[in-house]
Amino acid sequence: METNLKEYLNKIEHLDYSSRLPTHASLFQNKAILSKIMWDIHSYNAKKFYKLNNKNYESSLEKYGYLTGKFDVKKTKLLKDIFNKCKKIELDPFDFHSDYVYEPRKNLHDDMKRINEYFEPNDFFFKNIPLILDPMKDLIEKENQFYWKVASCRIFKVKPNNKTQGYHKDDQALAIKKLFFYPDGANKEIGSTILKDKFNNEVIIDLEPGSWLIFENSLCEHQAYSSDNCLGRPTIEIDIMPDFHTDTSLSYTGINSWYPWFPISDTEFDIKGLLNFNDVENRNLKRLAGLCNINKCDSYKFPCEFSDYYDEGSSIFSNNDNNESKNENKIESHIKEDINDIIDKKGLVIFMFTFLKIIPLVFVKKLINRFK
Ligand SMILES: [Fe+2]
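Residue numbers (numbering that gives the first Met the number 0): 0 to 371.
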């Protein structure tokens, strides 16, 4: 069942637009809510841990919401080489790993294709980006006030375009930041990034070739800057996420993978007590699936009565297209819900009385189904 649930979620998340069901959107939203809660707590703890172990530092990134810098001539040349060696590809919105937050909306996919050209990271990219990123380790730690890991990377070029996305916040987990490398720089001629800083000043990023920008993409409004006359703005994007120790190695799980749903990854440590990666992930997948029922709840339960429980017979987890068995499952699950409601609301004695009334109904429904 554990594998089935993960496989099921992976399958529905990769269905084409027309095959999606409303239930799938509910599961996505539940996953997003759980994810936000976990990232908030993880990010708070990661910042607290960093502050406990380091001297006080006034972060410009935290103060203004963005920070820029410039690489030397050698790194600028390397950055241009890295970008130029990557092959252009068509954006595939379904190229993401199921363990990662992805953008599911078709209108946003259309916007991404309209505004950007995308490129595939190759061996040269993975071998050489660390020469540029690794020396930034301490600066990124201090400015973020946390140890960090790479959540995802992306290579794209903002196309000449009169209309970009419009001002928006990315609404990802708040501590996650976008780090952009601009091989050709960023300005009004080639294209840029425009953002509102923490003091609500509008800033059009104006940088020389071989520069970088890191910004709080979920706290500061921003959009790509372009025009019909722009030359196009090459960008290498590295998304940064908080952790308890820094690991600068690159992670790539697909062009539409943004960051792990849950702030946890597999490790070589032998972690016991049902707290290893697979156990934690599986428990949370079950919780998010069970959350679909939370709005129907009208009575209190102690956590042990619903934690990590989900109905294996529920049609949500069924890949069986047989309508008869689906209907039978539905009827049985309605009956189960009715019984639970009666016990919760009226107590055991009244339940027994009602039970004697319901039992014949169950048999009649079973008999009807058998002769259908
Ligand atoms: Fe954005």
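Beta carbons: idealized from backbone N, C-alpha and C, even for Gly.
Just to check my reading of the structure: residue i and residue j have Cβ atoms closer than 8 Å, yes? What is that Cβ distance to the nearest angstrom?
i    : j    : result
I213 : L178 : 5 Å
L287 : L14  : Not a contact, Cβ separation roughly 18 Å.
E215 : Y65  : 7 Å
S58  : E140 : Going by Cβ atoms, the distance from S58 to E140 rounds to 10 Å, so no, they are not a contact pair.
K86  : N29  : 37 Å between Cβ atoms; not a contact.
K156 : G253 : About 19 Å separates the two Cβ atoms, so there is no contact after all.
E280 : F261 : 7 Å
P92  : H108 : 4 Å
P159 : S97  : Wrong, their Cβ atoms sit about 35 Å apart, outside the cutoff.
K285 : L33  : That pair is no contact at about 11 Å.
T75  : W211 : Not a contact, Cβ separation roughly 11 Å.
Is any heavy atom of ligand 2 found at a distance shorter than 6 Å from the C-beta of residue i?
i   : result
Y63 : Among the ligands modelled here, namely ligand 1, ligand 2 does not occur.
Find out if the Cβ-Cβ distance for the pair residue i, residue j is shorter than 7 Å.
i    : j    : result
F301 : G209 : no
A150 : Y49  : no
Y181 : L206 : yes
F372 : P233 : Past the boundaries of the shown model lies residue 372; the chain is included only from 0 to 371, so the question cannot be answered.
K197 : Y63  : yes
P241 : A45  : yes
S256 : Y43  : no
E136 : T245 : Note that residue 136 corresponds to Lys in the displayed sequence, not to Glu. Taking 7 Å as the Cβ cut-off, K136 and T245 qualify as a contacting pair.
Q222 : G165 : yes
F276 : Y146 : no
S248 : Y224 : no
I189 : I203 : no
I376 : E61  : In the structure displayed, the chain extends from 0 to 371; residue 376 sits before or after that span and is not available.
C152 : I36  : no
I239 : I154 : no
K84  : F123 : yes
H23  : I11  : yes
Y117 : L77  : no
Name the one or two DSSP bridge partners that residue i has.
i    : result
V279 : BP columns for V279 are empty, so no partner.
H221 : H167 and L194
D146 : Going by the sequence as given, residue 146 is Tyr instead of Asp. Its beta-bridge partners are D242.
Y117 : I88 and F155
A172 : Paired residue(s): none; A172 is not in a bridge.
K69  : S210
T234 : F155
I203 : I193
F179 : L212 and E236
P259 : Y99
A185 : L206
**Message:** As a quick check of your reading: which residues have a C-beta less than 6 Å from at least one non-hydrogen atom of ligand 1, in chain order?
**Reply:** Taking each Cβ in turn, the ones that pass are H167, D169, N216 and H221.
**Request:** Could you tell me whether the segment 265-276 touches the segment 109-127, using the rule of 3 or more Cβ pairs below 8 Å?
**Result:** Touching, no.
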